[in-house]
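Residue numbers (my numbering): 8 to 49. Idealized CB from N, CA, C, for every residue including glycine.
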């Protein structure tokens, strides 16, 4: 997420190929990355 200029606190869920990914997860050609922000409400 660093090359995308996204701060870790701006993400609630990060998935690589549908599985949980951490900040240091290395992406490979063909991987799919899904990023979801925190959702607030009441």
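Can you tell which of the options has its C-alpha closest to the C-alpha of residue i?
i: residue 35; options: 10, 44, 9, 23; result: 23
i: residue 38; options: 21, 45, 46; result: 21
i: residue 41; options: 25, 16, 10, 49; result: 25
In terms of DSSP beta bridges, what is residue i paired with?
i: residue 28; result: Note: residue 28 sits in no beta bridge, so no partner.
i: residue 40; result: 23
List the whole-angstrom C-beta distance separating residue i from residue j, where the pair is believed to meet the contact cut-off of C-beta under 8 Å.
i: residue 8; j: residue 30; result: 7 Å
i: residue 45; j: residue 28; result: Residue 45 to residue 28, Cβ: 16 Å. No contact.
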